[in-house]
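A short write-up of the structure that comes next.
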Amino acid sequence: MVASPVLSPVLLGHFAARAGILPSSRKALDLADGAPRRERLWELSSNLHCSVIGTCLSTADLRQFFTKLKDPLARTASEHEIHSLAVAGAGRRDLPGKLLQKLLDKKHEAQLRRFSRAASLEEVRALWRDSLEKGEVPGAYWATLTHPLTDQALAREAFCEVHMLSHLMGQSNRADIKRLRTLEAELGARDEKIARQEQRLSQMAASQAALAREAAQLKADLRHALEQGTGVAAPVADGEAVAALRRRLGDEQARSAALAERLAARDAALSENARRIAALEREAQELCREVEALEGTLACAAEPAAAEPEAPRGLAGLRFLYVGGRPKQLDQLRAFADKAGGVLLTHDGGMEETVTLLPGLVSQADIAFFPVDCVSHLASSQVKRLCRDAGKPFIPLRTSGLASFAAALDALAAQSAEAAQ
254 MVASPVLSPV LLGHFAARAG ILPSSRKALD LADGAPRRER LWELSSNLHC SVIGTCLSTA
314 DLRQFFTKLK DPLARTASEH EIHSLAVAGA GRRDLPGKLL QKLLDKKHEA QLRRFSRAAS
374 LEEVRALWRD SLEKGEVPGA YWATLTHPLT DQALAREAFC EVHMLSHLMG QSNRADIKRL
434 RTLEAELGAR DEKIARQEQR LSQMAASQAA LAREAAQLKA DLRHALEQGT GVAAPVADGE
494 AVAALRRRLG DEQARSAALA ERLAARDAAL SENARRIAAL EREAQELCRE VEALEGTLAC
554 AAEPAAAEPE APRGLAGLRF LYVGGRPKQL DQLRAFADKA GGVLLTHDGG MEETVTLLPG
614 LVSQADIAFF PVDCVSHLAS SQVKRLCRDA GKPFIPLRTS GLASFAAALD ALAAQSAEAA
674 Q
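This is how it looks when you write it as structure tokens:
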């Protein structure tokens with residue numbers, strides 16, 4: 254597993270120099286008896302609220318939260334509006350602010366308990382870095398920022414890591430977006446080509462019909478000439494006319510046969526183009542779903558105009574088995590699974606780990622995934638067989654990119670929501 258890099262002091266200083274991004278100096282907060290306590294959400298720097306809300310709570314959490322508050326915009330507001338409402342409420346010590354604090358504490362109770370055992374700043378930092386390496390970012394981020402022993406340097410480090418993680422996730426999706434745009438251009442060009450081919454086919458069909466009519470007329474003329482010459486000695490001129498008609502009829506029949514052959518070839522090419530266009534459209538639709546799903550994880554992305562589709566939900570408690578893929582992406586994959594409320598189990602697909610481990614992993618999992626472009630044939634075949642034998646679903650992913658996994662989680666969440674209705 255490739256650990257997420259810890260930002261160097263030089264980079265931390267660079268970010269610290271940017272006004273309005275990093276929190277101000279942390280103040281000591283003590284109870285009356287002098288014992289330190291965790292910081293409350295509204296006590297954190299306002300510069301942290303956006304990243305806390307976007308990282309530690311899903312869009313589904315926020316919409317449900319505002320629905321319970323009977324906010325009239327809860328069901329109709331866009332994802333960005335819901336996020337902005339929560340960020341604004343995070344800075345106030347009123348009922349919504351306190352309920353947001355309660356929601357965060359409840360959702361990340363396990364991590365808060367884990368961090369509460371830390372007796373020194375270094376122990377808190379070690380827990381944060383361990384969670385970051387494992388991809389368990391949301392709960393650890395909340396526990397780190399609010400821990401009574403966290404100082405300004407650690408808060409800055411955690412903030413910078415989360416901020417850069419959102420950029421890394423966005424970069425991984427650029428190739429898919431570029432591919433989507435290329436597909437859209439190809440589809441437009443193919444539509445124009447098909448329109449031209451259909452026009453030529455219509456012209457050729459009309460020409461063939463005209464040739465057929467002309468051939469029929471020639472046959473009628475020939476038959477009439479033969480009938481006139483039956484039983485009598487036809488003049489030489491009439492014989493030459495009949496021969497000419499026969500030659501012309503043969504020529505027209507040959508032209509008609511050649512045209513029919515060309516029409517058949519055009520029909521075959523048109524059918525092949527239609528098949529390829531249908532495949533391109535399916536791939537474009539898959540890429541659109543993957544782009545939307547991945548963007549749904551970037552609620553606090555730096556692009557102000559970016560849409561924020563709803564994150565995968567309804568999968569709480571499920572165990573996902575991911576077989577194959579690239580080791581450097583495992584942390585982000587775990588973050589996606591954690592965001593969906595599930596747990597990620599992994600196997601490298603036969604690169605270093607033996608496939609004999611797969612039966613045990615499949616028995617622990619509720620559903621299996623494997624990217625078809627980055628897994629051994631033996632591992633994928635065994636996963637399919639084990640899942641079929643156990644009656645468990647498996648999903649082949651189009652690629653090993655983060656977007657394919659995010660889209661699959663999105664689709665599962667949608668199916669779960671439909672089944673619950």
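Under my numbering, the residue at position 100 of the sequence shown is numbered 353, and the numbers go up by one with no gaps. Every residue gets a Cβ at the ideal spot worked out from N, C-alpha and C, and that includes glycine.
If we count the other Cβ atoms within 10 Å of its Cβ and call it buried at 16 or more, is residue i buried or exposed?
i	result
Thr609	exposed
Ala372	exposed
Gly388	buried
Gly441	exposed
Asp283	Residue confidence for Asp283 is low, a pLDDT of 42 falling below 50, so the modelled location carries little weight; the figure read from the coordinates is stated next. Asp283 should be labelled exposed.
Ala672	exposed
Arg409	buried
Thr329	exposed
Ser278	For Ser278, the pLDDT reaches just 41, beneath the cut-off of 50, and the residue's location in the model is therefore unreliable, although a value from the coordinates is still provided. The residue is exposed, with fewer than 16 neighbouring Cβ atoms inside 10 Å.
Ala285	Low confidence applies to Ala285: its pLDDT is 41, below 50, so where it sits in the model is not reliable, and the reading given next is rough at best. So Ala285 ends up on the exposed side.
Gly603	buried
Gly392	buried
Pro624	buried
Ser261	Low per-residue confidence applies at Ser261: pLDDT is 40, beneath 50, and the placement is therefore not dependable, though the value from the model is reported in the following sentence. Burial call: exposed.
Leu614	buried
Arg291	buried
Taking 8 Å as the threshold (C-beta atoms), are residue j and residue i in contact?
i	j	result
Arg367	Trp295	no
Arg378	Leu407	yes
Ala339	Ile306	yes
Asp584	Glu386	yes
Ser653	Gly577	yes
Tyr575	Leu586	yes
Leu365	Leu402	no
Leu464	Arg501	no
Leu675	Phe622	Beyond the ends of the chain as shown, which are 254 and 674, falls residue 675; an answer cannot be given.
Leu398	Leu315	no
Indicate whether at least one CB of chain B lies closer than 8 Å to the CB of residue i.
i	result
Leu574	Given the protein chain composition of this structure (a single chain), no chain B is represented.
Take residue i as the anchor and find which of the options has the nearest alpha-carbon.
i	options	result
Ala593	Val615, Glu514, Gly570, Tyr575	Gly570
Gly342	Arg638, Phe319, Gln506	Phe319
Ala656	Ala590, Arg638, Lys472	Ala590
Glu362	Gln450, His333, Tyr394	Tyr394
Pro289	Leu297, His400, Leu436	His400
Gln582	Leu418, Gly613, Leu352	Leu418
Asp601	Ala496, Ala588, Arg572, Val636	Val636
On the DSSP bridge assignment, give the partners of residue i in chain order.
i	result
Val576	His600
Thr650	Looking at the sequence provided, one finds Leu at residue 650 rather than Thr. According to DSSP, which records beta bridges pairwise, Leu650 is partnered with Pro624.
Pro401	DSSP output for Pro401 lists no bridge partner at all.
*Say whether the stretch 589-604 touches the stretch 639-648, bearing in mind that this needs 3 or more beta-carbon pairs closer than 8 Å, one atom from each stretch.*
Fewer than three beta-carbon pairs drawn from the stretch 589-604 and the stretch 639-648 are found closer than 8 Å, and the two stretches are therefore not classed as touching.
*Does the pairing of the stretch 454-470 with the stretch 531-538 give three or more beta-carbon distances under 8 Å?*
No, the stretch 454-470 does not touch the stretch 531-538.
*Contact the stretch 659-667 vs the stretch 628-641: 3+ CB pairs below 8 Å*: In short, these stretches do not touch, since the Cβ pair count stays below three.
*Are the stretch 468-476 and the stretch 514-523 in contact at 8 Å, needing three or more beta carbon pairs?*
Judged by Cβ distances under 8 Å, the stretch 468-476 makes no contact with the stretch 514-523, as fewer than three pairs qualify.
*Evaluate the contact criterion for the stretch 353-364 versus the stretch 306-315: three or more CB pairs, one atom per stretch, below 8 Å.*
Yes: at least three Cβ pairs fall under 8 Å.
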